[in-house]
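See structure below.
Residue numbers (this note's numbering): 275 to 511.
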């Protein structure tokens, strides 16, 4: 049975996926219409429509007599803020090159704000775990989590190896997790955050604060603060 021909819309989606995966460098010449037509097994007219759409979206530009070139545009990624998926799972679903780096894991001194949010006694051992989220090789977000050790017996061994706190919490037997006391704000990042995210000037970031609760017990397992580069995401509430 003869396979259904690829449409120009599908070709456009494929090329956008390749752009997200950094397969083209800024101002790099795109393959010719003839080469693309041979690759996808379609007519040059279909490639012309796909390239036309990429041009409308700002991904490529053309120079008469020379062909089409990648503009270097980075598409903002849609980020759903009100679902139950971890950040790692969301990035996997978007099919981007994603990496999470654990760059800090340590016991904190008593901090009344953090301890009150955790509803933890002053003598509780609380770990701070900071992860830098990289998308396509560039910093995109910083996640800071505060975990009370009494709910995670092996935390002293695991803290420096955790790259997804949400997945770690579930691996410890807590399955029914909900977020609460969610606060969103637009504010300038601190100096350390600005350096880690490589933000020039005084551009503001979206800051998300929340707690993670285990149901039905109501146990507060985590206090989290996430700083997102506002130029990398479209936030969907």
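The C-beta atom is built at its ideal place from N, Cα and C for all residues, glycine as well.
If you measure between the beta carbons of residue i and residue j, is that distance less than 7 angstroms?
i	j	result
residue 403	residue 452	no
residue 470	residue 429	no
residue 437	residue 374	yes
residue 388	residue 401	no
residue 495	residue 458	no
residue 360	residue 440	yes
residue 353	residue 509	yes
residue 384	residue 395	no
Report the rounded CA-to-CA distance for residue i versus residue j, giving the unit in angstroms.
i	j	result
residue 518	residue 313	Any question about residue 518 goes unanswered here, given that the chain covers just 275 to 511.
residue 391	residue 421	11 angstroms
residue 339	residue 323	18 angstroms
residue 409	residue 478	19 angstroms
residue 455	residue 413	27 angstroms
residue 335	residue 294	17 angstroms
residue 416	residue 399	23 angstroms
residue 433	residue 498	15 angstroms
residue 309	residue 285	13 angstroms
residue 467	residue 448	30 angstroms
My assumption, with CB atoms under 8 angstroms, is that residue i sits in contact with residue j. Please give the rounded CB distance.
i	j	result
residue 303	residue 341	6 angstroms
residue 425	residue 362	Not confirmed; about 21 angstroms, so no contact.
residue 289	residue 331	With 8 angstroms as the limit, residue 289 and residue 331 do not qualify as a contact, their Cβ atoms being about 10 angstroms apart.
Looking at the unbroken alpha helix (DSSP H) that takes in residue i, where does it start and where does it end?
i	result
residue 362	361-368
residue 375	Taken as a continuous stretch (DSSP letters only), residue 375 belongs to no alpha helix (DSSP H), being part of the beta strand (DSSP E) at 372-381.
What are the boundary residues of the beta strand (DSSP E) that residue i is part of?
i	result
residue 495	493-503
residue 337	334-337
residue 341	341-344
residue 485	479-488
Would you mind listing the beta strand (DSSP E) stretches within the stretch 401-461 that are 3+ residues and don't spill past its ends, in chain order? Runs found: 412-422, 451-461.
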